Amino acid sequence: GISQMHVSRLLARTLAQLRERLLVEE
């Protein structure tokens with residue numbers, strides 16, 4: 572299975588990219 576740390580890290584990266592995209596759009 573996938574480790575909890577890997578999941579949280581992946582989630583954090585996704586959120587960071589999403590946040591940057593929103594900031595750029597504004």
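In this note's numbering, each residue carries its 1-based index in the sequence shown increased by 571.
Each residue gets a CB set at the ideal place from its N, CA and C atoms; glycine is no exception.
Everything numeric in this text was worked out from a predicted model, so none of it was measured.
Cα-Cα separation between residue i and residue j, rounded to whole angstroms
i      : j      : result
LEU582 : MET576 : 10 angstroms
SER579 : ARG592 : 20 angstroms
GLY572 : LEU586 : 22 angstroms
GLU596 : SER574 : 34 angstroms
Endpoints, the alpha helix (DSSP H) within which residue i is located
i      : result
GLU597 : No alpha helix (DSSP H) holds GLU597; DSSP gives it neither H nor E.
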